[in-house]
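For reference, the structure is listed below as structure tokens.
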Amino acid sequence: MATKPIRSHSWRPQGFVNAALDPIRALSGACMRISKQFTILDRNGDTLCPITLSLLSSCSLKHAPKPAQIAAVDAVREGRDTFYASPTSTGKGEAIRFGDLAAYVDSTNKDDRLLKDIRAGKYRIVFIIPDSAVEGDFLNEVLMKEDFRKQAVGFFFAEAHTLDQWGHDFRPKFLKLGRVRRHLNVPALVMSAMLTKEARLACELTLEMQLPLFIDVGTNRPNPNLHLRVLPMQHPIAGFLDVLSVLPELWQSAAEGASTVVWKLEG
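Its first residue numbered 77, the sequence shown is counted upward by one per residue in this note's numbering.
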């Protein structure tokens with residue numbers, strides 16, 4: 077039976093709807109400068125991730141990590157199963173990409189030499205689609221080999237909501253990921269922008285997650301805006317002069333103006 081997370085960290089703005097978890101002293105998506113003196117505090121004043129912060133301070137990073145990314149890395153380092161909920165394009169994947177050497181395995185790129193190098197530990201990160209991970213050469217020649225299992229440190233699942241949405245329909249192999257996770261016996265980091273209760277439960281059961289930590293950045297995306305306006309047509313419908321009359325900023329160059337999508341209703 078799945079269990080409720082024993083601890084949650086939230087980076088949602090405190091005034092946002094449903095921001096009912098444990099607020100951290102950082103706004104949603106806030107970046108930070110890594111140093112040995114910097115600390116991340118929960119609302120009780122307890123320091124989070126001190127060891128991971130110390131390790132990162134000695135690394136040469138291209139970009140300063142966000143607090144939520146550091147919390148996710150820290151959870152894996154401590155052997156904790158973790159959910160990481162954050163909007164699209166906010167850097168969930170960066171939590172696992174601190175290493176430079178990566179291998180990409182798919183149906184067109186899994187020759188014997190590549191599989192041998194992966195098994196030998198040449199690559200720090202291996203990207204593979206679930207369908208290829210649960211059967212065939214990669215499963216038999218890499219995942220099930222004891223020398224690879226001893227080197228594995230984490231099981232990372234991006235777009236994890238697909239397990240619940242697709243696993244019962246046209247991608248049934250997703251439901252076999254539990255076998256891989258069980259054999260590797262490493263902490264799981266499950267990431268998605270759409271971690272509904274159903275999606276979380278499906279992941280907990282299938283991947284056999286134990287007392288998972290829940291890192292929540294919320295789903296608010298303040299940058300997209302939706303405007304609905306009825307315009308009397310003064311110009312030919314094939315043109316954009318009517319739109320430009322209310323959005324004059326579209327006359328600006330592409331470098332200055334915001335990306336805009338316009339829908340036209342006919343009939």
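The beta-carbon is built from N, C-alpha and C at its ideal position, and this holds for glycine as well. If you're wondering where the values come from, they're calculated on a predicted model, not measured in any experiment.
For residue i, which residues in the same chain have their Cβ closer than 7 Å to its Cβ, ignoring the five residues on either side in sequence?
i	result
residue 128	146, 149, 150 and 153
residue 268	161, 235, 236, 237 and 275
residue 197	227
residue 309	318
residue 206	249, 250 and 253
residue 262	228, 229, 230 and 231
From residue i to residue j, what does the alpha carbon distance come to, in whole angstroms?
i	j	result
residue 273	residue 228	29 Å
residue 116	residue 144	10 Å
residue 221	residue 212	13 Å
residue 155	residue 241	27 Å
residue 286	residue 277	12 Å
residue 292	residue 124	15 Å
residue 199	residue 187	15 Å
residue 121	residue 132	22 Å
residue 246	residue 312	45 Å
residue 166	residue 138	16 Å
residue 142	residue 126	15 Å
residue 243	residue 192	30 Å
residue 294	residue 135	28 Å
Since residue i contacts residue j with CB under 8 Å, what's their CB separation in whole angstroms?
i	j	result
residue 218	residue 201	Actually they do not touch by this definition, with Cβ atoms about 14 Å apart.
residue 157	residue 248	Residue 157 to residue 248, Cβ: 23 Å. No contact.
residue 264	residue 231	5 Å
residue 320	residue 279	Residue 320 to residue 279, Cβ: 47 Å. No contact.
Would you list the one or two residues that DSSP bridges to residue i?
i	result
residue 160	267 and 291
residue 231	264
residue 116	124
For residue i, which residues in the same chain have their Cβ closer than 6 Å to its Cβ, ignoring the five residues on either side in sequence?
i	result
residue 209	256
residue 233	266
residue 164	269
Might you give, ordered along the chain, the residues of its own chain that have their beta carbon closer than 8 Å to the beta carbon of residue i, omitting 5 neighbours on each side?
i	result
residue 258	284
residue 169	234 and 267
Nearest to residue i by CA position, among the options, is which residue?
i	options	result
residue 281	250, 310 and 311	250
residue 224	252, 271 and 260	260
Beta-carbon of residue i versus every beta-carbon of chain B: anything under 9 Å?
i	result
residue 133	Considering every chain present, this structure includes no chain B. It has just one protein chain.
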